[in-house]
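Notes for the one structure printed next.
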Amino acid sequence: MTERVVTAARLVFDGEVLEPGWLRIVDGTIVDGGGGSPSAAIAGTIVPGFVDLHCHGGGGYNFTDPDLEKVRAALAFHAEGGNAATMLSLVTAPADVLLAQVRRLAPLAASSEALGIHLEGPWLAQSRCGAQDPRSMRLPDPVEIEALLAAGDGTIAMVTIAPELPGALPAIDRFVEAGVVVAIGHTDASYEQTSAAIDRGATVGTHLFNGMRPFAHRDPGPVLALLDDERVAVELIGDGVHVDQRVVDSLARRIGPHRVALVSDAMAAAGMADGPYRLGALDVTVHEGVARLSGGDTIAGGTSTMADLFERFCPPTVADPASLRAGIEVTSTTPARVLGRDDLGVLRIGAPASFAVV
Numbered sequence: 001m002t003e004r005v006v007t008a009a010r011l012v013f014d015g016e017v018l019e020p021g022w023l024r025i026v027d028g029t030i031v032d033g034g035g036g037s038p039s040a041a042i043a044g045t046i047v048p049g050f051v052d053l054h055c056h057g058g059g060g061y062n063f064t065d066p067d068l069e070k071v072r073a074a075l076a077f078h079a080e081g082g083n084a085a086t087m088l089s090l091v092t093a094p095a096d097v098l099l100a101q102v103r104r105l106a107p108l109a110a111s112s113e114a115l116g117i118h119l120e121g122p123w124l125a126q127s128r129c130g131a132q133d134p135r136s137m138r139l140p141d142p143v144e145i146e147a148l149l150a151a152g153d154g155t156i157a158m159v160t161i162a163p164e165l166p167g168a169l170p171a172i173d174r175f176v177e178a179g180v181v182v183a184i185g186h187t188d189a190s191y192e193q194t195s196a197a198i199d200r201g202a203t204v205g206t207h208l209f210n211g212m213r214p215f216a217h218r219d220p221g222p223v224l225a226l227l228d229d230e231r232v233a234v235e236l237i238g239d240g241v242h243v244d245q246r247v248v249d250s251l252a253r254r255i256g257p258h259r260v261a262l263v264s265d266a267m268a269a270a271g272m273a274d275g276p277y278r279l280g281a282l283d284v285t286v287h288e289g290v291a292r293l294s295g296g297d298t299i300a301g302g303t304s305t306m307a308d309l310f311e312r313f314c315p316p317t318v319a320d321p322a323s324l325r326a327g328i329e330v331t332s333t334t335p336a337r338v339l340g341r342d343d344l345g346v347l348r349i350g351a352p353a354s355f356a357v358v
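Here it is, written out as structure tokens:
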């Protein structure tokens with residue numbers, strides 16, 4: 001729920017001019033109003049609006065839907081839940097399909113409620129495909145990259161790449177040159193290959209632990225390389241399904257909330273009932289709030305919102321000031337900083353009036 005109170009020197013309320021006047025708005029609907037001062041303060045704590053670096057949809061719709069009104073409805077669902085802005089994440093698809101998706105989404109991706117477009121594929125390791133179609137995964141191709149950058153017209157904000165693929169490092173160079181944030185994910189890379197990608201400009205770990213070679217004491221792989229490097233912020237899907245909450249809490253303490261970005265990785269089922277859904281070209285079944293590829297056990301995106309993740313990380317019953325500040329960092333300040341968006345993730349004079357009530 002999002003709630004806010006607006007006051008004004010004069011208010012025309014139900015045909016009556018009130019001096020001064022106020023309105024209380026909950027989830028976009030006026031629920032109270034009158035003259036003088038508000039009858040009561042907002043219940044809860046006002047925090048900066050959430051910034052979701054990794055999201056595929058919500059409210060019944062995916063961002064890949066060809067109907068832009070449905071894409072807008074998915075964005076609105078997350079905005080009503082407290083998001084200041086939401087990334088339009090796309091999964092692996094054939095080259096012509098992906099190009100058409102980017103071209104179609106570009107105008108919407110430039111709007112204030114969107115952070116831009118995130119290409120989570122197609123340059124990923126088939127062995128770590130997760131809930132994506134391995135048949136459409138391919139090697140980085142300079143021609144395709146240029147076509148996508150042109151179609152995005154400056155709205156491609158982030159790409160996820162498996163750095164061990166032939167051609168991955170030159171691709172990272174090109175995206176960095178174009179001002180695109182490069183993330184490492186869906187990868188079977190070694191520690192050394194991951195570090196090489198970071199040295200070329202990669203600054204994010206896509207949903208750490210999920211869709212990547214697991215950490216082992218004789219083969220630390222990408223997990224330790226991402227955690228070791230202060231230049232990197234790591235995404236964590238902090239819904240208690242993708243990553244145990246104790247791991248989320250421990251990492252935030254050990255590397256600092258300034259390097260952790262909680263992400264929803266939400267798909268169409270976020271905020272919806274159990275049942276059948278789609279993610280890209282694949283069928284998904286949601287049971288007891290957990291999305292999995294139909295007929296298997298592979299987790300297929302999230303069904304939580306950023307507000308849900310904030311509450312798991314910072315429960316109201318234990319929300320001391322330090323925990324509250326950390327919760328704001330991992331759900332708002334850090335993801336905003338990753339994208340160079342200093343207009344988000346903070347409430348101060350002159351900043352956009354984008355906030356959530358928790």
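The letter at position 237 of the sequence shown is residue 237 when you use full-length UniProt numbering, and the numbering goes up by one with no holes.
We treat Cβ as the ideally placed atom computed from N, Cα and C, and that holds for glycine.
Q: Per DSSP, which residues does N62 bridge with? Please list them.
A: Position 62 of the sequence shown holds residue 62. Bridge partners of N62: G57.
**Q.** Boundaries of the beta strand (DSSP E) in which P276 is found, first to last residue
**A.** Walking along the sequence shown from the start, residue 276 turns up at place 276. Here the beta strand (DSSP E) through P276 covers 275 to 279.
Q. Where does L226 sit, in a helix, a strand or coil, going by DSSP?
A. Locating residue 226 in the sequence shown gives position 226, where the first residue counts as 1. In this structure, L226 counts as helix in the three-state DSSP scheme.
Q) Just the Cα atoms here: how many angstroms apart are S332 and A168? A) Here residue 332 is taken as the residue at index 332 of the sequence shown, counted from 1. Here residue 168 is taken as the residue at index 168 of the sequence shown, counted from 1. So the two alpha carbons sit approximately 30 Å from each other.
Q) Whose C-beta lies closer than 8 Å to the C-beta of V284 among residues of the same chain, with five residues either side of it excluded? A) For the purposes of this step, residue 284 is identified with residue 284 of the sequence shown, where counting begins at 1. Cβ neighbours of V284 beyond the five flanking positions: A131, M267, A269, P276, Y277, R278, A291, R292, L293, S294, A300, G301.
Q | Straight-line gap, A202 to V159 (C-alpha atoms, nearest Å) | A | On the sequence shown, position 202 is the one that residue 202 refers to. On the sequence shown, position 159 is the one that residue 159 refers to. A202 and V159: Cα-Cα distance of roughly 10 Å.
Q. When the Cβ atoms of the stretch 48 to 55 are set against those of the stretch 77 to 89, are three or more pairs found closer than 8 Å?
A. yes
Q: Kindly list the residues whose CB is nearer than 7 Å to the CB of L208, restricted to its own chain and excluding five residues on each side of it in sequence; keep chain order.
A: Within the sequence shown, the letter at position 208 stands for residue 208. Closer than 7 Å at Cβ, skipping near neighbours: V223, L226, V234, E235, L236.
(Q) Using C-beta distances below 6 Å, list every residue in its chain close to Q193, excluding the 5 sequence neighbours before and after it, in chain order. (A) Locating residue 193 in the sequence shown gives position 193, where the first residue counts as 1. These residues qualify, in order along the chain: P163, E164.
Q | Beta-carbon contacts of A110 that lie in its chain and below 6 Å, excluding the five residues immediately before and after | A | Counting from one through the sequence shown, the residue named residue 110 turns up at place 110. Here the set comprises T155.
Q: Pick out whichever of H118, D14, F77, S323 has its Cα sitting closest to the Cα of S250.
A: Within the sequence shown, numbered from 1, the residue matching residue 250 stands at position 250. Checked all of H118, D14, F77, S323; the closest Cα to S250 is S323.
Q | Per-residue DSSP class, three states only, for V180 | A | Within the sequence shown, numbered from 1, the residue matching residue 180 stands at position 180. Coil.
**Q.** Enclosing beta strand (DSSP E) for V91 [first to last residue]
**A.** The residue given as residue 91 occupies position 91 in the sequence shown. Element bounds for V91: 83 to 91.
Q: Kindly indicate which residue of V232, A74, S136 has the alpha-carbon position closest to the one of L124.
A: Taking the sequence shown and counting its residues from 1, the one referred to as residue 124 is at position 124. Ranking the options by Cα distance to L124, first place goes to S136.
Q | Host beta strand (DSSP E) of L347 (start-end) | A | Looking up residue 347 in the sequence shown gives position 347. Segment: none, L347 is in no beta strand (DSSP E) and carries neither H nor E.
Q) Looking only at C-alpha atoms, which of S264, A171, R138, I328 sits nearest to A196? A) Here residue 196 is taken as the residue at index 196 of the sequence shown, counted from 1. Of S264, A171, R138, I328, the residue nearest in Cα terms is A171.
Q: Compare the C-alpha of R213 against each of S190, D229, E230, L115 and name the closest.
A: The residue you call residue 213 lines up with position 213 of the sequence shown. Of the listed residues, the one whose Cα sits closest to R213 is S190.
Q: Note down the Cα distance separating F355 from A76, rounded to an integer number of angstroms.
A: Along the sequence shown, one-based indexing puts residue 355 at 355. Along the sequence shown, one-based indexing puts residue 76 at 76. Their Cα atoms are separated by approximately 15 Å.
Q. Can you check whether the CB of A95 is closer than 8 Å to the CB of residue 364?
A. Outside the displayed span of the chain (1 to 358) sits residue 364, for which this structure offers no information.
Q.
Nearest by alpha-carbon distance to T317: which of E288, G44, P335 is it?
A. Position 317 of the sequence shown, counted from the first residue, corresponds to residue 317. T317 has its Cα closest to that of G44, out of E288, G44, P335.
Q: Measure how close the beta-carbons of T2 and W22 come, nearest whole angstrom, since I'm counting them as under 8 Å.
A: Indexing the sequence shown from 1 puts residue 2 at position 2. Indexing the sequence shown from 1 puts residue 22 at position 22. Wrong, their Cβ atoms sit about 17 Å apart, outside the cutoff.
(Q) Between E80 and G28, how many whole angstroms is the CB-CB distance? I'm expecting something under 8 Å. (A) What you label residue 80 is simply residue 80 of the sequence shown in a count that begins at 1. What you label residue 28 is simply residue 28 of the sequence shown in a count that begins at 1. Confirmed, about 6 Å.
Q) Between which two residues does the alpha helix (DSSP H) containing T194 stretch? A) As a first step, residue 194 is located in the sequence shown; it is residue number 194 there, counting from the start. 191 to 199 is the span of the alpha helix (DSSP H), which, as asked, contains T194.
**Q.** Rounded C-alpha distance that separates R174 from L11
**A.** One-based indexing of the sequence shown puts residue 174 at position 174. One-based indexing of the sequence shown puts residue 11 at position 11. If I take the Cα positions, the gap works out to 53 Å.
**Q.** Local Cβ density within 10 Å of Q101, reported as buried at 16 or more and exposed below that
**A.** Translated into positions along the sequence shown, residue 101 becomes position 101. Q101 should be labelled buried.
Q: Ignore the nearest five residues each way along the sequence and tell me which others in residue 360's own chain have a CB closer than 6 Å to its CB.
A: There is no way to answer for residue 360, as the model of the chain reaches only from 1 to 358.
Q) When DSSP labels each residue in this structure, what does P48 get in the three-state scheme? A) As a working note, residue 48 is residue 48 in the sequence shown. Looking at P48 - three-state DSSP - the assignment turns out to be strand.
**Q.** Span of the alpha helix (DSSP H) around G238
**A.** Locating residue 238 in the sequence shown gives position 238, where the first residue counts as 1. Here G238 belongs to no alpha helix (DSSP H), and DSSP marks it neither H nor E.
Q: Name the one or two DSSP bridge partners that A291 has.
A: Against the sequence shown, residue 291 aligns to sequence position 291. DSSP lists V286 as partners of A291.
Q: Taking 8 Å as the cut-off, decide whether the C-beta atoms of G256 and F313 are in contact.
A: Locating residue 256 in the sequence shown gives position 256, counting from the first residue. Locating residue 313 in the sequence shown gives position 313, counting from the first residue. Going by C-beta atoms, G256 is not nearer than 8 Å to F313.
Q) Using the C-alpha atoms, what's the distance from A9 back to P142? A) As a position in the sequence shown, residue 142 is number 142, starting the count at 1. As a position in the sequence shown, residue 9 is number 9, starting the count at 1. Taking the straight line from one Cα to the other gives about 58 Å.
Q.
Using DSSP's beta-bridge definition, name the partner residues of F310.
A. Locating residue 310 in the sequence shown gives position 310, counting from the first residue. F310 is not bridged to any residue.
Q | Range of the contiguous alpha helix (DSSP H) that encloses G152 | A | Translated into the one-based positions of the sequence shown, residue 152 becomes position 152. Element bounds for G152: 142 to 152.
Q. What is the residue span of the beta strand (DSSP E) that H78 lies within?
A. Position 78 of the sequence shown holds residue 78. No beta strand (DSSP E) holds H78; the alpha helix (DSSP H) holding it covers 68 to 80.
Q) Who are H118's beta bridge partners in DSSP? A) The count along the sequence shown starts at 1 and reaches residue 118 at position 118. Partner(s): S89, M158.
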